[in-house]
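Visitor: If you read the sequence shown in our numbering, its first letter stands for residue 3, the second for the next number, and so on. Built from N, CA and C at the ideal position, the CB exists for glycine as well.
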Amino acid sequence: MIPIKPSEITPEPVYRTRRQFLQEMGGLALSSLLLAACGALPAAQEEPPTAVPTAGGTAASTALPSPAPATFPTLQGGADELGTPLTSLESIANYCNFYEFTTQKRGVTEMARGFATSPWQVEVGGLVGKPKTFGIEELLRLPQEERIYRMRCVETWSMVIPWVGFPLARLLKEVEPLSQAKYVRFETLLDPEQMPGQKSDSFPWPYVEGLRMDEAMNDLTLMATGLYGKALPPQNGAPLRLVVPWKYGFKSIKSVVRIDLVEEQPVSLWEAVAPQEYGFWANVNPDVPHRRWSQATEQRAGESERIPTLLFNGYADEVASLYQPADRREWYF
Ligand SMILES: Nc1nc2c(c(=O)[nH]1)N[C@H]1C(S)=C(S)[C@@H](COP(=O)(O)O)O[C@H]1N2
Ligand SMILES: [Mo]
């Protein structure tokens, strides 16, 4: 790490906020130095904790886009169903993976400020009876509910996030899936002018992800439109992102513009980039290590101790039956 004190490079008020934030994220900074971002890049591309976004970045990050839709439910409780306290909005909104902007987790917030999320359309098609292009305002009119989910990145950091959104199943029913549809394929916006990371040819843009039909229809699978009772911050995937809490975080694709029902298993971005390290299924399993590190424990944002990782990220009762036989290694890769 570079031995520069934050006080040497930023004015005092910003430095204070930043210092509080860095205290919370200190452990994460360390683990991100040890692990390459989602594995395919050299660890050297990760930023040390002193190289934080420009002055004021932290303070402004809580200024969420407004207005949030009136239908957003208010926060029900301060913990998940296991009693784990929520991760602070400060952490959720300032430590992000969103490679379309930058591979620097603490740089995303600043880079994504001003990202245009309205107008926004989501094209839903492929093997469906009634293909349809939805305006985001139409999707925001669907009943929105709050879901507190654990989020486990494949890099071993994790958060507990109070999402707002609607089940993906609700949207898919609108377009009437045909029986030939076996998988759902999702695509993020392609717009290198707004998302400068897409000018890098290290990745096959746009970001693509996929689910099998029964995973997509599972009630846990959420299309998130907000968090902490407000509209999604751009850096967290505004205006609409997938959340699949029992899988590693990279499956939860951000800023979705296209959803296709397809017959063939889609090839996701990470699978295309590093097929030896990232598979299609990516179900969380502490007993199946990543090729380069253990998945047995994780670092919860804001906590110093590492904690055990749970099978299916703690959602085994809801989803384990989808994966038979259970010991097939591919499910966890
Ligand atoms: N389009 C897109 N979606 C993405 C990513 C990305 O880089 N681009 N990163 C993924 C990874 S690796 C993780 S861990 C989560 C992070 O979500 P968060 O930044 O909101 O915590 O988003 C996932 N979705
Ligand atoms: Mo991730």
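From what residue to what residue does the beta strand (DSSP E) around W165 run?
Guide: Here residue 165 refers to the residue found at position 163 of the sequence shown. Its beta strand (DSSP E) spans residues 159-169.
Visitor: Per DSSP, what kind of secondary structure is A226 in: helix, strand or coil?
Guide: In the sequence shown, the residue the question calls residue 226 occupies position 224. A226: strand per DSSP, three-state reduction.
Visitor: Using a Cβ distance threshold of 8 Å, determine whether the segment 193-201 contacts the segment 216-231, with at least three qualifying pairs required.
Guide: Result no; under three Cβ-Cβ pairs closer than 8 Å.
Visitor: Is Y250 near ligand 1 - that is, is its Cβ less than 8 Å away from at least one heavy atom of it?
Guide: Taking the first residue of the sequence shown as position 1, residue 250 is located at position 248. The answer is yes for Y250.
Visitor: Between the C-alpha atoms of E266 and V130, what's the straight-line distance to the nearest angstrom?
Guide: As a position in the sequence shown, residue 266 is number 264, starting the count at 1. As a position in the sequence shown, residue 130 is number 128, starting the count at 1. Distance between the alpha carbons of E266 and V130 is about 15 Å.
Visitor: CA-CA distance, L66 and P236?
Guide: By 1-based counting over the sequence shown, the position of residue 66 is 64. By 1-based counting over the sequence shown, the position of residue 236 is 234. In this predicted model, L66 has a pLDDT of only 41, less than 50, meaning its place in the structure is not dependable; the value taken from the coordinates is given anyway. Near 9 Å, if we compare the C-alpha coordinates of P236 and L66.
Visitor: For S306, does the count of other Cβ atoms within 10 angstroms reach 16, so buried, or fall short, so exposed?
Guide: Translated into the one-based positions of the sequence shown, residue 306 becomes position 304. Label assigned to S306: exposed.
Visitor: Spell out the partners DSSP gives E189 in its beta bridges.
Guide: Locating residue 189 in the sequence shown gives position 187, where the first residue counts as 1. According to DSSP, E189 bridges with V210, R260.
Visitor: With distances taken between CB atoms, is the gap from L144 to F168 smaller than 9 Å?
Guide: Translated into positions along the sequence shown, residue 144 becomes position 142. Translated into positions along the sequence shown, residue 168 becomes position 166. Closer than 9 Å, so yes.
Visitor: When we look at the beta-carbon of G85 and count the other beta-carbons within 10 Å, is it buried (16 or more) or exposed?
Guide: As a working note, residue 85 is residue 83 in the sequence shown. G85 is exposed by the Cβ-count criterion.
Visitor: In three-state terms, what does DSSP make of A81?
Guide: Translated into positions along the sequence shown, residue 81 becomes position 79. In the structure shown, A81 sits in a strand (DSSP, three-state: E or B).
Visitor: Less than 8 Å between the CB of V110 and some heavy atom of ligand 3, yes or no?
Guide: With respect to ligand 3, the structure offers nothing, as its ligand set consists of ligand 1 and ligand 2.
Visitor: For E279, does the three-state DSSP call read helix, strand or coil?
Guide: Position 277 of the sequence shown, counted from the first residue, corresponds to residue 279. Correct three-state label for E279: coil.
Visitor: Does the segment 178-188 come close enough to the segment 257-277 that 3 or more CB-CB pairs lie under 8 Å?
Guide: Segments in contact, yes.
Visitor: For my contact list, A239 and K256 are in at a C-beta cut-off of 8 Å; report their separation, rounded to the angstrom.
Guide: Taking the sequence shown and counting its residues from 1, one reaches residue 239 at position 237. Taking the sequence shown and counting its residues from 1, one reaches residue 256 at position 254. The sequence shown places Gly at residue 239, not Ala. With 8 Å as the limit, G239 and K256 qualify as a contact, their Cβ atoms being about 3 Å apart.
Visitor: When you compare only the Cα positions, how much space is there between A81 and L324?
Guide: Reading the sequence shown from its first residue, position 79 is the one you call residue 81. Reading the sequence shown from its first residue, position 322 is the one you call residue 324. Those two C-alpha atoms are separated by around 27 Å.
Visitor: If you pair each beta-carbon of the segment 205-215 with each one of the segment 91-106, do three or more pairs fall below 8 Å?
Guide: At 8 Å Cβ cutoff, the stretches touch.
Visitor: Please name the residue or residues paired with K249 in a DSSP beta bridge.
Guide: Residue 249 sits at position 247 when you count from the first residue of the sequence shown. Its beta-bridge partners are N285.
Visitor: Just checking my contact of I163 with T223 at CB under 8 Å: how many whole Å lie between their CB atoms?
Guide: Position 161 of the sequence shown holds residue 163. Position 221 of the sequence shown holds residue 223. Rounded, the Cβ-Cβ distance is 15 Å, inconsistent with contact.
Visitor: Are there three or more Cβ pairs, one per stretch, closer than 8 Å when the segment 91-98 is compared with the segment 211-218?
Guide: No: the two stretches stay apart, fewer than three of their Cβ pairs being nearer than 8 Å.
Visitor: Would you mind stating whether K134 and E176 have Cβ atoms separated by less than 9 Å?
Guide: Against the sequence shown, residue 134 aligns to sequence position 132. Against the sequence shown, residue 176 aligns to sequence position 174. Yes, Cβ-Cβ distance for K134 and E176 is below 9 Å.
Visitor: Using a 10 Å radius around the Cβ and a threshold of 16 neighbouring Cβ atoms, would you call S204 buried or exposed?
Guide: Translated into the one-based positions of the sequence shown, residue 204 becomes position 202. It is exposed - the Cβ of S204 has fewer than 16 other Cβ atoms within 10 Å.
Visitor: According to DSSP, is Y334 helix, strand or coil?
Guide: The count along the sequence shown starts at 1 and reaches residue 334 at position 332. Helix.
Visitor: Just the C-alpha distance for L35 and K249, rounded to the nearest angstrom, thanks.
Guide: Your numbering for residue 35 matches position 33 in the sequence shown. Your numbering for residue 249 matches position 247 in the sequence shown. With a pLDDT of only 33 at L35, under the threshold of 50, the placement of this residue in the model should not be trusted, and no figure is reported.
Visitor: Could you give the residue range of the alpha helix (DSSP H) that holds T111?
Guide: Locating residue 111 in the sequence shown gives position 109, counting from the first residue. Run containing T111: 110-114, per the alpha helix (DSSP H) assignment.
Visitor: Starting from the C-beta of A318, find all residues in its chain whose C-beta is less than 7 Å away, skip the five residues before and the five after it, and write them out in chain order.
Guide: Within the sequence shown, residue 318 is the residue found at index 316, counting from 1. Counting only Cβ-Cβ distances below 7 Å, and skipping sequence neighbours, we find nothing.
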